[in-house]
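Numbering (the working numbering), first residue to last: 1 to 123. The beta carbon of each residue, even a glycine, is placed where N, CA and C say it ideally should be. Source: prediction; values computed, not measured. Single-structure report; data block below.
Rendered as structure tokens:
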């Protein structure tokens, strides 16, 4: 069966949000790479992606169960870079939270800690 197309419009990263996230990610020795036409951060040891900037929003990796729980409770929204292609382990950090560096740093730390527990990426 052919793979579905991933073509779509990717949102350009908001420069201010990207800089704030870059500063926070530095505390985790994260490796920054371009993905989805934006910036993404990977753990230094496992090389697992754990966060990205999507327009003016921040998506973090928390795992499928935690993502479902947060979405079900109305505390976060699913990250879906292309309609119909949800990244099930990722949620958007709520806008009210992402505006506060201390709260955003807590989400980033939580996401980085989750990704560090995953097996090393072999790519």
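In this structure the segment 23-33 does not touch the segment 85-99; the number of beta carbon pairs closer than 8 Å is below three. In the DSSP assignment, residue 20 falls within the unbroken alpha helix (DSSP H) covering 15-26. Taking 8 Å as the cut-off, the Cβ atoms of residue 12 and residue 37 count as close.
Counting along the chain, the unbroken alpha helix (DSSP H) around residue 110 starts and ends at 101-116. Distance from residue 105 to residue 43 at the Cβ level is roughly 16 Å; contact not present, criterion being Cβ atoms closer than 8 Å. Residue 57 is bridged by DSSP to 54.
CA-CA distance, residue 86 to residue 79, rounds to 6 Å.
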